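Note that my numbering has the sequence shown beginning at 79, numbered continuously upward.
Every residue gets a Cβ at the ideal spot worked out from N, C-alpha and C, and that includes glycine.
Since this is a predicted model, take the numbers as computed values, not measurements.
Have a look at the structure below, then the notes.
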Amino acid sequence: MSGFFAALGFLTVIPVPGRSSDGRDLGASLLWFPVVGLLLGFVVAVFDGLVIAALEANGPASTRSASYPALAVAALDLALLAVLTGGLHLDGLADTFDGLFHPGGRERRLAIMRDSRSGPHGVAALVLVLFLQAGALAAVPASERFTTLLLAPCLGRWAQVIAIAAFPYARPEGRGTPFHVPGRQWRALLATVLVLVVAAFVCSVGRGTQLGAVLVATLGFGWVARRQLGGLTGDTYGAICEVSQALALLLYCR
Numbered sequence: 079m080s081g082f083f084a085a086l087g088f089l090t091v092i093p094v095p096g097r098s099s100d101g102r103d104l105g106a107s108l109l110w111f112p113v114v115g116l117l118l119g120f121v122v123a124v125f126d127g128l129v130i131a132a133l134e135a136n137g138p139a140s141t142r143s144a145s146y147p148a149l150a151v152a153a154l155d156l157a158l159l160a161v162l163t164g165g166l167h168l169d170g171l172a173d174t175f176d177g178l179f180h181p182g183g184r185e186r187r188l189a190i191m192r193d194s195r196s197g198p199h200g201v202a203a204l205v206l207v208l209f210l211q212a213g214a215l216a217a218v219p220a221s222e223r224f225t226t227l228l229l230a231p232c233l234g235r236w237a238q239v240i241a242i243a244a245f246p247y248a249r250p251e252g253r254g255t256p257f258h259v260p261g262r263q264w265r266a267l268l269a270t271v272l273v274l275v276v277a278a279f280v281c282s283v284g285r286g287t288q289l290g291a292v293l294v295a296t297l298g299f300g301w302v303a304r305r306q307l308g309g310l311t312g313d314t315y316g317a318i319c320e321v322s323q324a325l326a327l328l329l330y331c332r
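Here is the structure:
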């Protein structure tokens with residue numbers, strides 16, 4: 079279970095007692111990324127249900143159990159997810175787009191991505207992706223909200239595993255280097271089997287295209303990042319997570 083606790087400590091702000099932060103267990107944690115995503119999704123889905131129930135119970139009698147501010151609830155859901163993850167992937171999203179859209183060469187782009195300040199491209203990417211996520215979630219039918227919130231974070235973390243397995247790392251060292259160990263492709267395969275099993279249990283018939291779309295988007299994003307940066311980084315893994323999560327939500331909305 080060391081891999082699970084390593085994934086939990088890396089992907090969330092949840093304190094994991096007795097776990098070192100030197101990355102020794104991170105190589106084994108890839109298999110557990112989707113599981114951590116599933117746990118995050120469960121927490122957010124329960125929160126979503128409680129917020130909606132509270133709003134409907136305190137609303138006017140004429141509208142009770144009939145409507146609620148869906149966009150506001152979606153924003154609260156995303157805020158909770160950001161708090162639980164410490165904004166890790168959102169930070170990576172902003173840094174990645176600042177780097178990818180910089181006119182300089184590979185080394186300059188990588189240097190830009192290390193800058194803690196967000197430029198216009200990073201801010202624009204953050205706003206766009208968060209608007210897409212919130213708008214898509216607000217449009218998800220009430221009967222599918224729990225399933226959607228459960229699966230979207232899971233697919234986002236699964237996409238990270240696929241990217242780590244499929245593409246080289248852009249730097250000789252960095253936060254993502256501990257994941258690039260022998261056997262990561264097998265762990266990615268096992269993680270994919272796990273996601274397929276989860277999806278088979280929680281998805282309705284015909285939702286399998288969601289996994290395929292996330293896979294294609296992940297490989298396409300990774301290909302662009304490799305051409306621009308020479309490989310992927312921890313920031314691009316975060317960007318892939320957020321973009322995949324947005325795509326998963328878009329495929330669920332009506």
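| message | Give me, in chain order, the residues of the same chain whose beta-carbon lies closer than 7 Å to that of S196; leave out the 5 immediate sequence neighbours on both sides. | response | Residues of the same chain with a CB within less than 7 Å of the CB of S196, apart from the 5 flanking positions on each side, are A172, D176 in chain order.
| field | D173 - containing alpha helix (DSSP H), residue span | value | In the DSSP assignment, D173 falls within the alpha helix (DSSP H) that extends over 166-178.
| In chain order, what residues of the same chain have a beta carbon less than 7 Å from the beta carbon of V114, not counting five sequence neighbours either side? | Same-chain partners within the cutoff: A85, L86, L89, T90, R235.
| What three-state label does DSSP hand Y146 in the structure shown? | In this structure, Y146 counts as coil in the three-state DSSP scheme.
| query | Cα-Cα, which of A148, F82, A150 is closest to L117? | reply | That would be F82, whose Cα lies nearest to the Cα of L117.
| Range covered by the alpha helix (DSSP H) that runs through M191 | M191 -> alpha helix (DSSP H) spans 184-192.
| message | Please report the straight-line C-alpha distance between R326 and T296, rounded to a whole angstrom. | response | One detail in the question is off: residue 326 reads as Ala in this sequence, not Arg. Approximately 12 Å, taken between the alpha carbons.
| query | Does the beta-carbon of R305 have 16 or more other beta-carbons within 10 angstroms, so that it is buried, or is it exposed? | reply | Here R305 is exposed. Its C-beta has fewer than 16 other C-beta atoms within 10 Å.
| alpha helix (DSSP H) segment containing A295, residue limits | That run of the alpha helix (DSSP H) goes 287-307.
| said: Please report the straight-line C-alpha distance between G127 and P181, rounded to a whole angstrom. | reply: The alpha-carbon atoms of G127 and P181 are separated by roughly 45 Å.
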